[in-house]
């Protein structure tokens, strides 16, 4: 910690007063900046917590202390409003035969909530205009599609998971971005009801 | 025609030489410009061929002569690579029970072709960054979703059609824009095979 504070303090320069709270906040922000640079340069798969720590001038243990493993660092750096590991865990918690229903519910809950919905909308818009940011693509592949595929198993699990994600992103696009009718003014509960069997079919049908 | 040529000629100004071919081309371009302005100002539903003709300084019959009814004027003005009326006609040509399969085939054919695929990609990107251009939204609603809903019938036909369009746009997004794996490197034929039963389920399941 002492080493990290010193490094962050040195980056801040002499003009800003030191202080425990300010140091911790500056160190966290420094790590997130270094993480964004590392993910942009090397993608998600190629990035390492060690290199992010080096970029921020801190010990790797401090990165782990503040954020956890690489997926959590990515989530914090990109300000993602969901944690795939936790989300997919919930989706399969009641058994694979309820995964479609659970996924549909989780999807509308995330998109309907003003805070998470606004952030997801911004992420989707940026992803489309970027034409597929490689780090984001790898993160979705490794953390969302792969975990979903693992939950359903089978040789074509990854393609099933991917088609399932396609259906969800398509509803996000038509309901929240393009606001096509009638889906834009259908109730969230009804959208979830209609999606559940389709997602189940993608996963296990 | 004589009146139209005069109007187009007057707009062109004295610096450019007149000529039959140049006149027709300038008149067409003038109509398309007026159409884009009219659709932007009044949306798709509120726009009229009469107002577009007025904006271009030509007779409404000339607009019809060059482009056809309003949907065709919109298609030409927006440079859309598909005609919903013709497309949906083909989708239902072998009966509603084959509509999923036909739609899946039409979808991959349009997106895989270099010319139409590139134009669709540009339209999707623009639609997302525009956050749902009202004229485009109304056109998709009136010409694509409504025709698809008419083909399948039933009280919830429009929502079924909309979910079907969501699935297709979601695959367009994940395969062609975000290039997520494994769907980005799955063969087009296999994508169509996987989509067909899902689309059929959306439409009639």
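Protein chains in written order, with our numbering: chain A, 6 to 210; chain B, 6 to 210. Each residue gets a CB set at the ideal place from its N, CA and C atoms; glycine is no exception.
### Query
Alpha carbon to alpha carbon, what distance is there between residue 67/A and residue 32/A?
As a working mapping, residue 32/A is identified with position 27 in the first chain. As a working mapping, residue 67/A is identified with position 62 in the first chain. In a straight line, the C-alpha of residue 32/A is about 9 Å away from that of residue 67/A.
### Message
When you compare the CB positions of residue 191/B and residue 164/A, do they come within less than 8 Å of one another, or not?
### Response
Within the second chain, residue 191/B is the residue found at index 186, counting from 1. Within the first chain, residue 164/A is the residue found at index 159, counting from 1. Cβ distance < 8 Å, so residue 191/B and residue 164/A count as in contact.
### Task
Taking residue 71/B as part of the alpha helix (DSSP H), name the residues at either end of that continuous run.
The residue you call residue 71/B lines up with position 66 of the second chain. Note, residue 71/B: alpha helix (DSSP H), 65-72.
### Query
Would DSSP call residue 85/A helix, strand or coil?
The residue given as residue 85/A occupies position 80 in the first chain. Coil at residue 85/A, not helix or strand.
### Message
Comparing C-alpha positions only, which one of 63/A, 153/A and 187/A sits nearest to residue 171/A?
### Response
In the first chain, residue 171/A corresponds to position 166, counting from 1. Out of 63/A, 153/A and 187/A, 153/A has the C-alpha closest to the C-alpha of residue 171/A.
### Task
Output the distance between the C-alpha atoms of residue 125/A and residue 156/B, rounded to the nearest integer angstrom.
Taking the first residue of the first chain as 1, we reach residue 125/A at position 120. Taking the first residue of the second chain as 1, we reach residue 156/B at position 151. Using only the alpha carbons, I get a separation of about 34 Å.
### Query
When the distance is taken between beta carbons, is residue 60/A closer than 8 Å to residue 43/A?
Stepping through the first chain from its first residue, residue 43/A is reached at position 38. Stepping through the first chain from its first residue, residue 60/A is reached at position 55. Yes, they are a contact pair.
### Query
Between the segment 144-171 of chain B and chain A, which residues of the former have CB atoms less than 8 Å from a CB of the latter, in chain order?
145, 146, 150, 163, 164, 167, 168, 170 and 171
### Task
Could you tell me which chain B residues have their CB closer than 8 Å to the CB of residue 207/A, listed as they occur along the chain?
Numbered from its first residue, the first chain carries residue 207/A at position 202. Those within 8 Å of residue 207/A in chain B are 203.
### Neighbour flag for residue 110/B against chain A, beta carbons, 8 Å
Position 105 of the second chain holds residue 110/B. No, because no Cβ of chain A sits closer than 8 Å to the Cβ of residue 110/B.
### Task
Within 10 angstroms of the Cβ of residue 143/B, are there 16 or more other Cβ atoms? Answer buried if so, exposed if not.
Numbered from 1 along the second chain, position 138 holds the residue referred to as residue 143/B. So residue 143/B ends up on the buried side.
### Query
What does a CB cutoff of less than 8 Å around residue 203/A pick up in its chain, not counting 5 residues either side in sequence?
The sequence position of residue 203/A within the first chain is 198, counting from 1. The residues are 105 and 172.
### Query
So which of 52/A, 41/A, 71/A and 48/A has the shortest CA-CA distance to residue 29/A?
Translated into positions along the first chain, residue 29/A becomes position 24. Among 52/A, 41/A, 71/A and 48/A, the Cα nearest to that of residue 29/A belongs to 71/A.
### Message
For residue 53/A, which residues in the same chain have their Cβ closer than 6 Å to its Cβ, ignoring the five residues on either side in sequence?
### Response
On the first chain, position 48 is the one that residue 53/A refers to. The answer is none, since no qualifying residue turns up.
### Message
Cβ closer than 8 Å: which chain A residues qualify as neighbours of residue 134/B?
### Response
Taking the second chain and counting its residues from 1, the one referred to as residue 134/B is at position 129. Within chain A, the residues near residue 134/B are 130, 133 and 134.
### Query
DSSP three-state call for residue 119/B: helix, strand or coil?
For the purposes of this step, residue 119/B is taken as residue 114 along the second chain, with counting starting at 1. The answer is helix: DSSP assigns residue 119/B an H, G or I state.
### Query
When you compare only the Cα positions, how much space is there between residue 169/B and residue 57/A?
Here residue 169/B refers to the residue found at position 164 of the second chain. Here residue 57/A refers to the residue found at position 52 of the first chain. About 43 Å.
### Query
From which residue to which residue does the alpha helix (DSSP H) around residue 171/B run?
Along the second chain, read from residue 1 onward, the residue named residue 171/B stands at position 166. First-last of the alpha helix (DSSP H) with residue 171/B: 162-176.
#### Entry: Beta-carbon neighbours of residue 179/A, restricted to chain B and to distances below 7 Å
Stepping through the first chain from its first residue, residue 179/A is reached at position 174. Neighbours of residue 179/A on chain B, chain order: 167, 170, 171 and 174.
### Query
Which whole-angstrom value describes the C-beta separation of residue 36/B and residue 63/B, a residue pair presumed to lie in contact below a C-beta threshold of 8 Å?
Mapped onto the second chain, residue 36/B falls at position 31. Mapped onto the second chain, residue 63/B falls at position 58. Contact flag correct, Cβ pair sits at about 6 Å.
### Query
Which of helix, strand or coil does DSSP assign to residue 30/A?
In the first chain, the residue the question calls residue 30/A occupies position 25. Residue 30/A falls in the helix class under three-state DSSP.
### Message
Could you check whether residue 197/B and residue 109/B sit closer than 8 Å to each other, using their CB atoms as the reference points?
### Response
Within the second chain, the letter at position 104 stands for residue 109/B. Within the second chain, the letter at position 192 stands for residue 197/B. Cβ distance < 8 Å, so residue 109/B and residue 197/B count as in contact.
### Message
For a test of the three-state rule: what should DSSP assign to residue 44/B, helix, strand or coil?
### Response
By one-based count along the second chain, residue 44/B stands at place 39. Three-state DSSP puts residue 44/B in a helix.
### Query
Which of helix, strand or coil does DSSP assign to residue 134/A?
On the first chain, position 129 is the one that residue 134/A refers to. It is helical.
### Query
Between residue 180/B and residue 122/B, what straight-line distance do the alpha-carbon atoms span, to the nearest angstrom?
Sequence index remark: in the second chain, residue 180/B carries index 175 (1-based). Sequence index remark: in the second chain, residue 122/B carries index 117 (1-based). Roughly 12 Å separates the two Cα atoms.
### Query
Tell me which same chain residues have a C-beta within less than 7 Å of the C-beta of residue 116/A, skipping the five on either side of it?
Taking the first residue of the first chain as position 1, residue 116/A is located at position 111. Cβ neighbours of residue 116/A beyond the five flanking positions: 122, 125, 177 and 181.
### Query
Taking a cut of 7 Å between CB atoms, which residues from the segment 49-61 of chain B lie near chain A?
none
### Query
Taking buried to mean at least 16 other C-beta atoms within 10 Å of its own C-beta, is residue 146/B buried or exposed?
For the purposes of this step, residue 146/B is taken as the residue at position 141 of the second chain. By the neighbour-count rule (16 or more Cβ atoms within 10 Å), residue 146/B is buried.
### Identity of the residue in 208/B, 74/B and 100/B nearest residue 159/B by Cα
The sequence position of residue 159/B within the second chain is 154, counting from 1. Among 208/B, 74/B and 100/B, the Cα nearest to that of residue 159/B belongs to 208/B.
### Query
Can you give the Cα-Cα distance for residue 76/A and residue 91/B, rounded to whole angstroms?
Position 71 of the first chain holds residue 76/A. Position 86 of the second chain holds residue 91/B. When rounded, the distance between both Cα atoms is 47 Å.
### Test item: CB-CB of residue 200/B and residue 175/A under 8 Å
Along the second chain, one-based indexing puts residue 200/B at 195. Along the first chain, one-based indexing puts residue 175/A at 170. No, these two residues do not count as a Cβ contact at 8 Å.
### Query
Just to confirm, are residue 40/A and residue 78/A a CB contact at a threshold of 8 Å?
Residue numbering aside, residue 40/A sits at position 35 when the first chain is read from its first letter. Residue numbering aside, residue 78/A sits at position 73 when the first chain is read from its first letter. Contact flag set, yes.
### Query
Going along the segment 181-192 of chain A in order, which residues come within less than 8 Å of chain B, judged by CB to CB distance?
182, 183, 184, 185, 186, 187, 188 and 191
### Query
Got a sec: is the Cβ-Cβ distance from residue 124/A to anything in chain B below 8 Å?
One-based indexing of the first chain puts residue 124/A at position 119. No, residue 124/A lies away from the interface with chain B (no Cβ there is under 8 Å from its Cβ).
### Query
Taking the alpha-carbon positions, what's the residue 118/B to residue 85/B distance?
Taking the second chain and counting its residues from 1, one reaches residue 118/B at position 113. Taking the second chain and counting its residues from 1, one reaches residue 85/B at position 80. Going from the Cα of residue 118/B to the Cα of residue 85/B covers about 14 Å.
### Message
So for residue 186/B, helix, strand or coil by DSSP?
### Response
Locating residue 186/B in the second chain gives position 181, counting from the first residue. Three-state result, residue 186/B: coil.
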